[in-house]
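Below is one structure, written out as structure tokens, with a few remarks after it.
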Amino acid sequence: MNISVFLPLLLVMAFTTYLVRALPFTLFRRRITNARVKAFFDLIPYTVLSAMTFPAILYATDSLPAACAGLVVALVLSFFEKSLLTVALGACMSTLAATVVMMLIQKG
Amino acid sequence: MGDLAEKNQKASVPAADNGGTFHEGLKDGLAIGLGYLSVSFSFGILAVASGLSWWQAVLVSLTNITSAGQVAGVGIMSASGGLIEMMISQIVINMRYSLMAISLTQKTDGSMTAVKRALLAYGLTDEIFGVAVSKDHKVGAKYFFGLTILPVTGWVSGTLLGAVLGGIFPDFLTNALAVGIYGMFISIVIPKAKHSRMILICAVIACAISCLFFYVPWLKAHVSSGFAIIIAAVVAALAGVFFFPHYDETGKEAA
């Protein structure tokens with residue numbers, strides 16, 4: 216890509232993304248004391264991650280059954296409070312295994 | 027003298043304990059780094075397919091450290107879009123980081139000075155935030171710095187690998203790796219949801235709203251995925267605050 220097109224867009228993109236993170240992180244110094252407001256900000260991480268995961272995980276691969284396998288394994292492993300890495304690898308491996316099985320079924 | 031040393035000891039040890047150590051952060055970042063390696067691999071492939079050279083793809087990852095925003099940004103670049111369009115799209119898609127940043131300020135300890143906050147904000151991503159807030163101790167500057175190193179390394183090197191080697195790997199392999207990032211999200215939410223009915227209900231509501239934006243054709247066509255996430259997350263969290271007014275800061279419902 217031509218640098219004269221790329222560079223201005225990159226700078227605007229990077230600067231905007233940085234400010235969206237840095238301004239509130241640097242300037243917001245108060246302790247939130249209002250119980251409801253505090254509860255809201257305590258909940259945000261979990262609602263953000265939930266919204267990002269579902270239903271997007273179902274379409275992360277070309278095969279819905281394979282993605283479901285990954286989802287179920289991740290749910291079970293995390294229910295038993297396994298480590299982040301274990302859950303992530305378990306989800307990858309089961310998706311991969313299910314994908315291979317699906318490919319074999321389609322071939323045969 | 028001995029008195030003073032003892033005082034220092036007392037003052038410094040709990041502070042370090044409270045905020046977590048650099049090493050602990052590094053360790054917690056490993057899983058995120060591995061997950062990012064696979065996701066950014068896909069991004070590297072996409073960026074090159076959109077007309078960027080390998081070093082341009084790497085530069086985008088190095089300066090942004092965000093998945094959805096970069097995918098949208100590369101789309102705008104390949105269409106030679108406007109600077110205002112780029113700015114607005116990044117604000118909308120990445121606005122969730124502002125919410126997370128405010129949420130995280132409630133958990134940071136005294137080691138987070140204004141300058142350190144300004145520097146460390148660079149590495150604030152969904153997963154890093156998710157891990158940092160799930161700790162049972164405060165978040166110190168050293169811990170947070172350690173936490174960001176491997177994910178940033180994984181994100182940038184994965185982009186490089188994808189941009190250079192993308193065509194060589196079969197699709198089913200890279201696709202399976204992409205599921206890992208969602209596995210990571212799940213491993214952050216489920217253990218908390220198990221112990222708090224409020225978090226469980228809010229997570230389910232967030233998923234339901236997210237499905238609406240995904241499956242209702244009009245919504246899917248008119249609302250970007252970044253904005254859909256913000257709406258789903260904010261509405262679900264507000265619903266939680268509304269339904270559980272007696273929620274207290276220990277994370278358990280008082281009434």
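If you read the sequences in order, they're chains A and B. Residue numbers for the first sequence follow the numbering used here, so the first one is 216 and each next one is one higher. Residue numbers for the second sequence follow the numbering used here, so the first one is 27 and each next one is one higher. Glycine residues also receive a C-beta, built at the ideal position from the N, C-alpha and C atoms.
Please confirm whether residue i and residue j have their CB atoms less than 8 Å apart.
i: A:A266; j: B:C233; result: yes
i: B:G188; j: B:G95; result: no
i: B:S124; j: A:V235; result: yes
i: A:A282; j: A:I272; result: yes
i: B:L173; j: B:A158; result: yes
i: A:A275; j: B:A204; result: yes
i: B:I216; j: B:A262; result: no
i: B:L176; j: B:L72; result: no
So what's residue i in DSSP terms, helix, strand or just coil?
i: A:T248; result: coil
i: B:T134; result: strand
i: B:V249; result: coil
i: B:V165; result: strand
i: B:V242; result: coil
i: B:I91; result: coil
i: B:L150; result: coil
i: B:G99; result: helix
i: A:K297; result: coil
i: B:M210; result: helix
i: A:D257; result: helix
i: B:T47; result: coil
i: A:T310; result: helix
i: A:F221; result: helix
i: B:S38; result: Unreliable placement is indicated for B:S38, whose pLDDT of 42 sits below 50; no coordinate value is reported for it.
From this set, the options, which residue's C-alpha is nearest residue i's C-alpha?
i: B:V118; options: A:P260, A:S219 and A:T231; result: A:T231
i: A:V220; options: B:I194, B:S236, B:A265 and B:M103; result: B:M103
i: A:L225; options: B:G51, B:G55, B:S79 and B:V100; result: B:V100
i: B:T179; options: B:G166, B:T89 and B:G45; result: B:T89
i: B:G55; options: B:L150, B:M113 and B:L78; result: B:L150
i: B:N44; options: B:I58, B:M121, B:D135 and B:R122; result: B:D135
i: A:I259; options: B:G59, B:Q132 and B:I58; result: B:Q132
i: A:C307; options: A:V287, A:L222 and A:N217; result: A:V287
i: A:F240; options: B:G108, B:A140 and B:S76; result: B:A140
i: B:H221; options: A:A284, A:R245, A:P223 and A:F295; result: A:F295
i: B:G166; options: B:M112, B:N120, B:L130 and B:V242; result: B:L130
i: A:L279; options: B:A202, B:C237 and B:I214; result: B:A202
i: B:G184; options: B:I194, B:D197, B:V65 and B:A105; result: B:V65
Closer than 8 Å, CB to CB, is residue i near chain D or not?
i: B:N44; result: Looking at the structure shown, chain D is missing, and the protein chains on hand are A and B.
So residue i and residue j are in contact, right, with Cβ under 8 Å, and what is the actual spacing, rounded?
i: B:V267; j: A:F255; result: 5 Å
i: B:S115; j: B:A98; result: 5 Å
Check whether the region 291-301 of chain A and the region 209-228 of chain B are in contact - that is, three or more C-beta pairs closer than 8 Å.
yes
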